[in-house]
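Heads up, the sequence shown is in this note's numbering, so the first residue is 19 and it goes up one at a time.
Virtual Cβ for every residue (Gly too), placed ideally from N, Cα, C.
Reading through the structure tokens given below for one structure.
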Amino acid sequence: MNKIILIEDETGVVSFIKKGLQENGYEVSVAFDGKTGVQLVQSNDFDLVILDIMLPEMNGLDACKEIRKTNKHVPILFLTALGTSENIVLGLESGGDDYLVKPFKFIELVARVKSLLRRSNNNIPEITEPEVDNEHVFQFSDLILNDYTKKVTRAGEEISLTSTEYKLLLYFLNNPEKVISRAEILDAVWGVNYELGTNVVDVYVNYLRKKLDHKEDNKLIHTVIGMGYVLKKS
Numbered sequence: 019m020n021k022i023i024l025i026e027d028e029t030g031v032v033s034f035i036k037k038g039l040q041e042n043g044y045e046v047s048v049a050f051d052g053k054t055g056v057q058l059v060q061s062n063d064f065d066l067v068i069l070d071i072m073l074p075e076m077n078g079l080d081a082c083k084e085i086r087k088t089n090k091h092v093p094i095l096f097l098t099a100l101g102t103s104e105n106i107v108l109g110l111e112s113g114g115d116d117y118l119v120k121p122f123k124f125i126e127l128v129a130r131v132k133s134l135l136r137r138s139n140n141n142i143p144e145i146t147e148p149e150v151d152n153e154h155v156f157q158f159s160d161l162i163l164n165d166y167t168k169k170v171t172r173a174g175e176e177i178s179l180t181s182t183e184y185k186l187l188l189y190f191l192n193n194p195e196k197v198i199s200r201a202e203i204l205d206a207v208w209g210v211n212y213e214l215g216t217n218v219v220d221v222y223v224n225y226l227r228k229k230l231d232h233k234e235d236n237k238l239i240h241t242v243i244g245m246g247y248v249l250k251k252s
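Laid out in structure tokens, this is it:
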């Protein structure tokens, strides 16, 4: 049974979400302020965090940053009434993996939860033998991703990625030199139908660029105007 923590201060919302998720087979813990939520995440093994932004003691953005200091892989879903593009970007930049705006349909929340858990589970390596074969290692130029150990390096320097950034990079590495549309990336990485007007793909591509290319003259991720993105050598 997947363990979810809901960090939310509105008791009515908490009751509604907790009951619905439990009926869908999830184990749900609750924190009513950001500080307590961070402490619970740091001291327990949760499979997913659902996090409001407007919280007492510590707001959701700061709570997310604190969680990411010690846990870079647990999926974090922001659930908030702050639905502007600026707030969405702030949520993603603080370390969130997804963002759902209130009011929402519960069926959409469940879809997002399932998608995040599926992505997280797919990123857990299955240790069946002591040595790693080449099927787990992807290399493009001086960029190396080991899908067995989840280690990413460029020019020998290790790069720390969130779970979403990692999956996005892995998708690029599985499709080198191919121009990939935003819709294809949304479907492959997020697995949920988003409004095509959202800029979540652009935001995460920029995250990857900053981490992969900031010290290198040979840029790897390129924009193809009107079509999407491509992983190729400069």
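Task: 7 Å CB neighbourhood of PHE64 in its chain, flanking five on each side removed - done: Counted from its first residue, the sequence shown places residue 64 at position 46. LYS21, ILE22, ILE23 and VAL92.
- [ ] Identify, in the order they occur along the chain, each residue of the same chain with its Cβ nearer than 8 Å to the Cβ of ALA81, setting aside the five sequence neighbours on each side.
- [x] Residue numbering aside, residue 81 sits at position 63 when the sequence shown is read from its first letter. Excluding sequence neighbours, ALA81 sits near ILE25, GLY52, LYS53, GLY55, VAL56, LEU69 and LEU73.
Task: Closest by C-alpha distance to LEU108, when choosing among VAL218, ARG227 and LEU226 - done: Within the sequence shown, residue 108 is the residue found at index 90, counting from 1. Out of VAL218, ARG227 and LEU226, VAL218 has the C-alpha closest to the C-alpha of LEU108.
Task: VAL128 versus ILE243, ASN192, GLU41 and LEU226, residue with shortest Cα-Cα distance - done: As a position in the sequence shown, residue 128 is number 110, starting the count at 1. Of the listed residues, the one whose Cα sits closest to VAL128 is GLU41.
- [ ] State the DSSP-derived secondary structure class of ALA99, mapped to helix, strand or coil.
- [x] To locate residue 99, count along the sequence shown from 1; it is residue 81. Coil at ALA99, not helix or strand.
TODO: Please state whether DSSP places ALA129 in a helix, a strand or coil.
DONE: In the sequence shown, residue 129 corresponds to position 111, counting from 1. Helix.
TODO: Spatial neighbours of ALA206 within its chain, please: CB distance less than 7 Å, with the 5 preceding and 5 following residues excluded, ordered by chain position.
DONE: What you label residue 206 is simply residue 188 of the sequence shown in a count that begins at 1. Closer than 7 Å at Cβ, skipping near neighbours: TYR189.
Task: Sub-8 Å separation of LEU134 and SER112 beta-carbons - done: Start at 1 with the first residue of the sequence shown, and residue 134 comes out as number 116. Start at 1 with the first residue of the sequence shown, and residue 112 comes out as number 94. For LEU134 and SER112, no; Cβs fall outside 8 Å.
Open item on the list: Can you look up GLU175 in the DSSP assignment and give me helix, strand or coil?
Closed with: Translated into positions along the sequence shown, residue 175 becomes position 157. Note: GLU175 maps to strand in three-state DSSP.
TODO: With DSSP as the reference, please indicate the residues paired to ALA49 in a beta bridge.
DONE: Mapped onto the sequence shown, residue 49 falls at position 31. Looking at the DSSP assignment, ALA49 forms a beta bridge with ILE25.
- [ ] With a threshold of 16 other CB atoms inside 10 Å of the CB of THR29, please say whether the residue is buried or exposed.
- [x] Position 11 of the sequence shown, counting from 1, holds the residue named residue 29. When all chains shown are included, THR29 counts as exposed.
TODO: Please determine if the stretch 177-184 and the stretch 221-233 are in contact, where contact requires at least 3 C-beta pairs separated by less than 8 Å.
DONE: yes
Open item on the list: Between which two residues does the alpha helix (DSSP H) holding VAL221 run?
Closed with: If you number the sequence shown from 1, residue 221 lands on position 203. Run containing VAL221: 218-231, per the alpha helix (DSSP H) assignment.
TODO: Jot down the residue ranges of each uninterrupted beta strand (DSSP E) in the stretch 38-91, minimum 3 residues, whole runs only, in chain order.
DONE: 45-49 and 66-69
Open item on the list: Could you check whether MET19 and GLY43 sit closer than 8 Å to each other, using their CB atoms as the reference points?
Closed with: For the purposes of this step, residue 43 is identified with residue 25 of the sequence shown, where counting begins at 1. For the purposes of this step, residue 19 is identified with residue 1 of the sequence shown, where counting begins at 1. It is a contact, given that the beta carbons lie within the stated cut-off.
Open item on the list: Give me, in chain order, the residues of the same chain whose beta-carbon lies closer than 8 Å to that of ASN193; leave out the 5 immediate sequence neighbours on both sides.
Closed with: Here residue 193 refers to the residue found at position 175 when the sequence shown is read from its first residue. If we look at ASN193 and ignore the five residues flanking it on each side, its Cβ neighbours are LEU249.
- [ ] Could you name the residues of the same chain whose beta carbon sits closer than 7 Å to that of SER252, not counting the 5 residues immediately before and after it, in chain order?
- [x] Position 234 of the sequence shown, counted from the start, is the residue given in the question as residue 252. For SER252, where only same-chain residues beyond five positions count, the Cβ hits under 7 Å are ASN236 and LYS237.
Task: Own chain residues within Cβ distance below 6 Å of ILE203, not counting five before or after - done: As a first step, residue 203 must be located in the sequence shown, where it is residue number 185. So the list reads VAL219, once near-sequence residues are dropped.
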